[in-house]
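Position in the sequence shown (first residue = 1) + 11 = our numbering.
Heads up, the beta-carbon is just placed ideally off N, CA and C, and yes, glycines get one too.
What follows is a short report on a single structure.
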Amino acid sequence: MKPTDINNPEYFHKVIDCQFACPAHTLVPEYIRLILHGDYTEAYMLNWESNVFPGILGRVCDRPCEPACRRDRVEDEPVAICRLKRVAADNRQDILPLLPKIPEKKNG
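This is the structure we're talking about:
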């Protein structure tokens, strides 16, 4: 087995500790990138795909992803992932048009 080469950026795209620590396996790096670009609604919807209550969990989650965050290896603290989830929820636009449509006829 080869030792991990942390100088290889591809390693960090394959192993995302915070995502594996999250019980919902939310795509943490992707929604942080969306928030960085001001795409709060898209970040909220990305969270919504794996967790139907991102606004609530942004406030009450026990944050298992944050101790797993690799950022604290280079900074003093990990990324405040849970707070970013709350930021996306608080700053999103109307999501009703983005939600799945209710079927007009029952299918069962």
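- Between Thr52 and Arg103 the beta-carbon gap is near 4 Å, inside 8 Å, which marks them as a contact.
- Here Ile67 is exposed: its Cβ has fewer than 16 other Cβ atoms, across all protein chains shown, within 10 Å.
- For Pro89, same chain residues with a beta-carbon under 6 Å away, outside a window of 5 residues either side, are Glu77, Cys80, Arg82, Asp83 in chain order.
- The beta carbon of Ala35 sits closer than 7 Å to the beta carbons of Ser61, Asn62 from its chain, once the five residues preceding and following it are set aside; these are given in chain order.
- With distances taken between CA atoms, Ile27 lies nearest to Val39 out of Val39, Asn18, Asn19.
- Where Phe31 is concerned, the enclosing alpha helix (DSSP H) starts and stops at 28-32.
- Its chain contains Cys93 as the residues whose beta carbon lies nearer than 6 Å to that of Arg74, once the 5 sequence neighbours on both sides are disregarded; these appear in chain order.
- Per the C-alpha coordinates, the member of Trp59, Cys29, Lys117 positioned closest to Leu107 is Trp59.
- Rounded to the nearest whole angstrom, the CA to CA distance from Gly119 to Leu109 is 24 Å.
- By alpha-carbon distance to Ala91, the top candidate from Phe31, Pro65, Gly69, Ala100 is Gly69.
- By the 16-neighbour rule on beta-carbons within 10 angstroms, Leu47 is exposed.
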